[in-house]
Each structure stands twice: as C-alpha cells, then as structure tokens.
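In the numbering used here, the protein residues as written are 11 to 300.
Data block below; observations after.
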Ligand SMILES: O=C(O)CCC(=O)C(=O)O
C-alpha cells in the first residue's frame, strides 16, 4: 500500500507543517526521505560498529520462529554521534512537535538483523511492552534509522497503517518477545491493509507507540541493522520511575552538532546499558504461549 513521504529542505532541516502532523495522526507514522545525509550516516555506522560497549552489551531475543534478533538497549543520549542524532532539532525537535510536548530520551537501541541468521520481530505495539513499564498514556514514539538499506529481502519494517487508532491491544509472550493478539492483528490487517516500509540508509521513520509493526527474518546475504530512539512526552513520565523510565531533560542541539561532535570514549556507566533483566521486565504480567 502507498503512503505519504516527506522531505527535508535543501539545507537538511525538516519543517513540521500542519500536513506532517495530520499525516502522523492519521497514519500513525511519517517517513522522511534522506533526513540524514551520507556523512551523518557514515559517522553513525562507524560509531555503532566500533563501539565495544554497544557490541558487547548485545543480547539475543528469541522470535519464537527458531531464530534470535540481536539487540542492545541503553538509557542515555551521550555526547557522541548516537546522542547528537537523538538530541538534534531534526530528530528530537520533530518528535516534540509530533507529540506536542517536550520529549525526553526513553532509550536508544541497536537492532542487529544479521545476514542469513537475523530473527524476526513479531507483530507488536511498542506500548504493548512499555505499558508494563508504568507509562500511563501511549504518548511515546520511536524513531527508526536504518544504517543499512532495508527492503523486503532483508527484513524491512511492516506496518498496519492507522492501527494506532485501535488503542492498546493485548500482548502475549512468544519466545523472548511480546506479540499482539494474533486474531486482532488479522482483523486489523483485513480492515486497514499493510505497508512494507522499504528505506534507504539516511531515511528516517517516526512512529506512534500503538502502531502495529513487525519485520521478517533476514534470509538474504545483506545485514539489516538499525538505530532506534524511543522518546516519551514529559507529561507522560510514569508515577513510579526507575532508571529505565525516568525523566531527564534533553538538551536539544543544532543539526550541525551531528557532524561536529568529537568521537567520545563512552563507558558502560555513561551509556547506561539495560541488562537482559531490564529488557525482560517489559514482559512482566503477560501470559506466555508456547
Ligand atoms: O528492527 C525491527 O525490525 C523492529 C524493531 C522493533 O519493532 C522493536 O525493537 O520494538
């Protein structure tokens, strides 16, 4: 199914017009073509590939379909390229306008869907997990930044467009993941259709925490890695906070900071990696199906 695409200006800024906000509210996502330029993506790729902390803290999350997806999650937007992207006007500033509130950095995440072995993400809403972490409202969202081209062959994202309007759907544990009630998903897919969101490295997707999404296993020869940033509206800070969910003011930076920042030497403490137990906490209270 076709869906709207958006574009930055010739100077690389992204203007969040009323049409952009309407598309986000209507479709549950917006795709911005080439929001990060070649140099910015190259800097991001290099940082992610060479950061021993990010690579070392990675865990496997079973997909219930005999494979695992490799994932690293961390709390803090530090002073390196990952953090500058997360704090930039064109990324964080855009989400502030989409959520109509100050946003804070809920977490950063690297999803490594490796060539030939990469696992699937089953149908879910992010709020299917995050509800269990104490957020009272779905006023959160994710930015998805592929650092490799993502297409149907290597497991691009698939959305059920407009499904965020259905509200939170019951989730069950499948493998190491939370999966949305499969019958509901089938009905919603019949009613609303399906979008394959094929993206080039540099394209950026912003999506609502209740939008149903999944991605298939990677049987191709090409890896599909992606950097994801989750933001929460300040007004949605949970009443009972822990280190994973707590509010911390995010100082936005101009887009130029992405290229100008010095390579940082992050420590485990500065990034604040989530342990497997932290990640699994989002599954608490969900029934398991085997
Ligand atoms: O990278 C993907 O394929 C999907 C990631 C995702 O949905 C998640 O981490 O919640």
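Just so you know, even glycine gets a beta-carbon here, dropped at the ideal spot from N, CA and C.
Could you tell me which of the options sits nearest to residue i, measuring between CA atoms?
i: residue 219; options: 176, 236 and 199; result: 176
i: residue 99; options: 28, 217, 22 and 253; result: 22
i: residue 286; options: 48, 17 and 66; result: 66
i: residue 248; options: 140, 158, 71 and 271; result: 140
i: residue 49; options: 138, 123, 157 and 236; result: 157
i: residue 69; options: 116, 15 and 187; result: 187
i: residue 233; options: 224, 127 and 154; result: 127
i: residue 162; options: 132, 59 and 207; result: 207
i: residue 256; options: 265, 266, 243 and 268; result: 243
i: residue 246; options: 31, 62 and 110; result: 110
i: residue 79; options: 215, 198, 272 and 123; result: 123
i: residue 148; options: 189, 240 and 42; result: 240
i: residue 106; options: 259, 271, 266 and 142; result: 259
i: residue 316; options: 62, 53 and 103; result: Given a span of 11 to 300 for the chain in the structure shown, any question on residue 316 remains unanswerable.
i: residue 15; options: 289, 209 and 296; result: 209
i: residue 88; options: 52, 192, 297 and 64; result: 64
i: residue 213; options: 137, 167 and 202; result: 167
Given a threshold of 16 other Cβ atoms within 10 Å of its Cβ, counted over all protein chains shown, does residue i qualify as buried or as exposed?
i: residue 151; result: buried
i: residue 94; result: buried
i: residue 171; result: buried
i: residue 252; result: exposed
i: residue 11; result: exposed
i: residue 20; result: exposed
i: residue 17; result: exposed
i: residue 200; result: exposed
i: residue 275; result: exposed
i: residue 73; result: buried
i: residue 278; result: exposed
i: residue 138; result: buried
Cα separation between residue i and residue j?
i: residue 217; j: residue 90; result: 24 Å
i: residue 25; j: residue 46; result: 14 Å
i: residue 115; j: residue 228; result: 29 Å
i: residue 135; j: residue 160; result: 20 Å
i: residue 113; j: residue 37; result: 21 Å
i: residue 29; j: residue 76; result: 42 Å
i: residue 13; j: residue 205; result: 8 Å
i: residue 180; j: residue 226; result: 21 Å
i: residue 133; j: residue 293; result: 15 Å
i: residue 195; j: residue 222; result: 8 Å
i: residue 33; j: residue 44; result: 18 Å
i: residue 261; j: residue 268; result: 14 Å
i: residue 92; j: residue 230; result: 27 Å
Could you check if residue i belongs to the surroundings of ligand 3, using beta carbon to heavy atom distance under 7 Å?
i: residue 134; result: You won't find ligand 3 in this model; what it holds is ligand 1.
Kindly indicate which three-state DSSP category residue i falls into: helix, strand or coil?
i: residue 109; result: helix
i: residue 189; result: strand
i: residue 211; result: strand
i: residue 200; result: helix
i: residue 104; result: helix
i: residue 183; result: strand
i: residue 96; result: helix
i: residue 88; result: coil
i: residue 295; result: coil
Compare the C-beta of residue i against all C-beta atoms of chain C and say whether one is closer than 8 Å.
i: residue 266; result: Here there is only one protein chain, and chain C is not present.
Mind pulling the beta strand (DSSP E) runs of 3 or more residues that sit fully within the segment 217 to 290?
Runs of the beta strand (DSSP E) inside the segment 217 to 290: 223 to 225 and 234 to 243.
Residue ranges of each alpha helix (DSSP H) run of no fewer than 4 residues wholly in the segment 114 to 177, ordered along the chain?
Fully enclosed alpha helix (DSSP H) runs of 4 or longer: 136 to 140.
Inside the segment 34 to 60 only - alpha helix (DSSP H) runs reaching at least 4 residues
Entirely contained in the segment 34 to 60, the alpha helix (DSSP H) runs reaching 4 residues are, in chain order, 48 to 60.
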